[in-house]
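Single-structure report; data block below.
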Amino acid sequence: MPKYSAAKRSDLKRFLIVLAVAVTIPILLIAPSSQSQSASEVKRAEEEMREVMRVWSRQLGVTCLTCHDTSNFRSDKLAAFKVGKKHMKITQTLIDNGMDGKKSPKADCFMCHRGKLKPDYKEPPHPLTQ
Ligand code: HEC
Ligand code: HEC
Numbered sequence: 646m647p648k649y650s651a652a653k654r655s656d657l658k659r660f661l662i663v664l665a666v667a668v669t670i671p672i673l674l675i676a677p678s679s680q681s682q683s684a685s686e687v688k689r690a691e692e693e694m695r696e697v698m699r700v701w702s703r704q705l706g707v708t709c710l711t712c713h714d715t716s717n718f719r720s721d722k723l724a725a726f727k728v729g730k731k732h733m734k735i736t737q738t739l740i741d742n743g744m745d746g747k748k749s750p751k752a753d754c755f756m757c758h759r760g761k762l763k764p765d766y767k768e769p770p771h772p773l774t775q
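Just so we're aligned, residue 646 is where the sequence shown starts under our numbering, counting upward by one.
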């Protein structure tokens with residue numbers, strides 16, 4: 646009976662599809678978490694972080710020591726580290742709100758700091774309005 650075997654074949658096909666999905670989904674779910682970052686990925690992330698830090702230092706006109714106790718780069722002991730972390734978020738907020746380098750300049754530390762740790766931010770007195 647050709648009709649019967651065709652139905653069987655499509656049943657088999659459906660079964661195989663279900664089986665494939667059932668096997669693939671757990672693998673996809675497990676794979677990223679069980680496979681920790683490879684050594685080269687860690688190294689690349691570190692290199693990128695160092696590059697960001699070199700840019701910050703240049704844009705503020707300081708060295709790493711202004712923000713870091715070099716025995717522990719994660720330490721937030723220094724005030725400049727804490728302010729730097731806040732300003733990193735401010736800068737990201739500006740980027741997220743359109744200053745992303747597409748239609749307007751991309752926000753960065755230099756935009757406000759201009760190579761100085763303490764940028765002038767007060768408008769100087771004006772003779773007409775004083
Ligand atoms: C303006 C302050 C500032 C300067 C200058 C600075 N850093 Fe940082 N650095 C930070 C902050 C804030 C973080 C944390 C960033 C975060 O939480 O994503 C950080 C993170 C790091 C980290 C990652 C620490 C970790 O393991 O989580 C390294 C490494 C580092 N800095 C190295 C440097 C080096 C090297 C320099 C000089 C070239 C430098 N930094 C200059 C503020 C600074
Ligand atoms: C929207 C403007 C703006 C941006 C962008 C900005 N800053 Fe600032 N930052 C300031 C102003 C203004 C001051 C001075 C007033 C103050 O100390 O709060 C300052 C002060 C600081 C100080 C403290 C200096 C001191 O010793 O008193 C640090 C450290 C700093 N900024 C780090 C950063 C870093 C790192 C970035 C980039 C990730 C950044 N800032 C981006 C405006 C900005």
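Don't be surprised by glycine CBs; every beta carbon is placed ideally from N, CA and C. Here the structure is a predicted model, which is why all the values come from computation and not from measurement.
| Query | Result |
| --- | --- |
| Opening and closing residue of the alpha helix (DSSP H) in which residue 758 lies | 754-758 |
| Pocket of ligand 1 (residues with CB nearer than 7 angstroms to any heavy atom), chain order | 691, 694, 695, 698, 699, 701, 702, 705, 707, 708, 709, 711, 712, 713, 718, 719, 725, 726, 729, 730, 733 |
| Strand pairing of residue 787, partner residues [DSSP] | Since the first residue of the chain shown is 646 and the last is 775, residue 787 is not available in this structure. |
| Cβ-heavy atom distance, residue 800 to ligand 2, below 6 angstroms | Lying before the first or after the last residue shown, residue 800 is absent from the chain, which here runs from 646 to 775. |
| Where the alpha helix (DSSP H) containing residue 706 begins and where it ends | Unbroken run through residue 706: none, as it is neither H nor E. |
| Rounded straight-line distance, which links the Cα of residue 659 to that of residue 696 | 52 angstroms |
| Identity of the residue in 739, 737, 713 nearest residue 727 by Cα | 713 |
| Alpha-carbon spacing of residue 734 relative to residue 654, whole angstroms | 59 angstroms |
| Whole-number beta carbon distance between residue 709 and residue 702, since they are thought to touch under 8 angstroms | 6 angstroms |
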